[in-house]
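In order, the protein sequences belong to chains P and F.
My numbering runs 200 ahead of the 1-based position in the first sequence.
My numbering runs 327 ahead of the 1-based position in the second sequence.
A virtual CB, placed ideally from N, CA and C, is assigned to each residue, including glycine.
Quick caveat, the model's predicted, so the values are computed rather than measured.
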Amino acid sequence: MDWDWNFVREIMPTLIQGVKITILATVLGSILAAIVGLGIALARRSENRLVARSVGWFAEFIRGTPLLVQLYFIFYVLPDIGILLPPLVAGVIGLGLHYGTYTAEVYRAGIDNVPRGQWEAAKACNLSGRHTWTHIILPQAIPPMIPALANYFIAMFKETPLLSAITVLELMNQAKSVANTYYRYIEPMTLVGAFFLVISLCSVVLLRWLEHRYGRIER
Amino acid sequence: MTQWSGYLGLILQGALVTIELTLMGSVLALVMAFLAGMGRVSRFFVVRALATTYIEFFRGTSIFVQLFWAYFVLPFARLSLTPLQAGVLALGLNVGAYAAEVVRGAILSVGREQYEACTALNLGRWQGMRHVILPQALLVMLPTFGNNAIELLKATSVVSLISLADLTFQAQVVRSQTGSTLMPFVSVLVIYFALALIISWGIRSLERRMARGLDGVRV
């Protein structure tokens, strides 16, 4: 079996199309995961024990089950109760929800790391609960956790090929359709691997920079 | 009702395949983790470089791509694998790369005085590793190994995409045969979650068992 550069040149535009969708899904999924994670972290600290408990269990359940099955669930079960989602939207919701349960732990650690004195100072200044969160706690909690969050977004990026199972035309799916059309697997599959490796290695550099920029915070 | 029990049987068969994959993948991952993790702290540059390349490569590309590569590209190199073999290979090598970093971290976390004590007792490098360093490092690795095992369990769901009849695959079979979506996916999610709970429970009791008699040794 030999490597055919002409074939590589031929399929490149299709794969680039796929890369765009992969990156789009990662970015949208990351935004959703950041929001969902914050929501879960806040709900778990809620005064209402019932809310805190049930959200905790829900997050635990999602973290203990495979993303692929969750994607199937969103893609196949929701239409039965009248919610029809385009594949990409279903995929982004799946990614965001799944990784939201991971980022929730990051938020939790970040919030726990804010010294108690800050809470007491906020109370002493007569700030409302809402103002305490938005002006005191979160601005101090979020910067140190940016590297850890970015780590999960990179992990999410590596899981995007799963979206091909619910017919999103991302990189893996494009590669598979090209491979099935020409019955040549070696180039498309290797290129997909190369794309992932290159983007992952670049993102590691970005991560190092983020760690340098935000990782250490003076107290 | 008898119909449902038949379909449930199908899903349980899938659960067996998933368990089998998880066990075999874990064994391979464990072997790779120790090889690569100890390779990373080796004295020899070549061994370190090899271990680093392995770890970076398998952590940089996604499990999905690796699985497809093993299943579709290796046959062109005259190395045909059954879906089960490809699944175990990809899962074991992928999770092994993550676990290797755990092994390295745990070995480095053992205090310097322990190494000095080995030298003082005139133990060889290998003897010191085997009798002094690893027994202590193992306890540090265990909780993270548990997480890795759960990640592996969740990752087994992707083998359904190379037509191996695991839990996820059987859920799809039931869906396409009955047209019902809620029952297969919910039951499969519950089974995955139960398996994840069993793993984390098993690891925790193993940890308790291994920590016995070590009180006060580690602070």
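Could you tell me whether the Cβ atoms of V459 (chain F) and C445 (chain F) are closer together than 9 Å? Yes, Cβ-Cβ distance for V459 (chain F) and C445 (chain F) is below 9 Å.
Could you check which residue in F:P462, F:A426, F:G423, F:V430 has the C-alpha nearest to that of Q441 (chain F)? F:P462
Assigned secondary structure, C445 (chain F) (DSSP; H/G/I helix, E/B strand, else coil): helix
Sorted by chain position, which residues of the same chain lie with C-beta nearer than 6 Å to A378 (chain F)'s C-beta, five sequence neighbours on each side aside? A363, G366, R367
Between M212 (chain P) and chain F, is the shortest Cβ-Cβ distance under 9 Å, so that the two count as touching? By this cut-off, M212 (chain P) is not an interface position.
If the cut is a Cβ gap below 8 Å, which residues of chain F does T222 (chain P) touch? The premise fails here: T222 (chain P) is roughly 10 Å from chain F at the closest Cβ pair, so nothing lies under 8 Å.
May I ask you to verify whether the stretch 422–430 of chain F touches the stretch 401–410 of chain P, counting CB pairs closer than 8 Å and requiring at least 3? no
Alpha carbon of S407 (chain F) to alpha carbon of M372 (chain P), nearest angstrom: 22 Å
Would I526 (chain F) pass as a contact of G451 (chain F) if the rule is Cβ separation under 9 Å? no
Determine, for L242 (chain P), whether the minimum Cβ-Cβ distance to residues of chain F falls below 9 Å. No, no contact with chain F.
What's the gap between the Cα of S484 (chain F) and the Cα of V405 (chain P)? 31 Å
Can you give the Cα-Cα distance for R419 (chain P) and P344 (chain P), rounded to whole angstroms? Note that R419 (chain P) scores 39 on pLDDT, short of 50, meaning its location in the model is unreliable and no value can be drawn from it.
Hey, how far is the Cα of F353 (chain P) from the Cα of T226 (chain P)? For F353 (chain P) and T226 (chain P), the distance between alpha carbons rounds to 7 Å.
Since H298 (chain P) is in the alpha helix (DSSP H), which residue starts that stretch and which ends it? 287–312
What are the start and end residues of the alpha helix (DSSP H) that includes C402 (chain P)? 386–410
Identify the contact partners of T447 (chain P) in chain F, using a Cβ-Cβ distance below 8 Å as the criterion. Since the first residue shown for chain P is 201 and the last is 419, residue 447 (chain P) is missing from the structure and cannot be characterised.
Is the separation between the beta-carbon of A233 (chain P) and that of T332 (chain P) shorter than 9 Å? no
In three-state DSSP terms, what is D202 (chain P)? coil
Taking the alpha helix (DSSP H) that N421 (chain F) falls in, what are its first and last residues? Residues 410–436.
Taking 9 Å as the CB-CB limit, is G393 (chain P) close to chain F? yes
Against chain F, does E305 (chain P) count as a neighbour if the rule is that its beta carbon must be under 9 Å from one of theirs? No, E305 (chain P) lies away from the interface with chain F (no Cβ there is under 9 Å from its Cβ).
Does K323 (chain P) have its Cβ less than 9 Å from a Cβ in chain F? No, K323 (chain P) lies away from the interface with chain F (no Cβ there is under 9 Å from its Cβ).
Distance, T508 (chain F) Cα to F357 (chain P) Cα: 28 Å
Taking M456 (chain F) as part of the alpha helix (DSSP H), name the residues at either end of that continuous run. No alpha helix (DSSP H) contains M456 (chain F), which DSSP labels as neither H nor E.
To test your reading of the DSSP string, which unbroken beta strand (DSSP E) runs of 3 or more residues are found completely within the stretch 340–382 of chain F? none
Nearest-angstrom Cα separation, counted from L494 (chain F) out to T409 (chain F): Each residue's Cα considered, the two are about 18 Å apart.
Limits of the alpha helix (DSSP H) - the one that E370 (chain P) falls within: Segment: none, E370 (chain P) is in no alpha helix (DSSP H) and carries neither H nor E.
Which of helix, strand or coil DSSP assigns to E247 (chain P): coil
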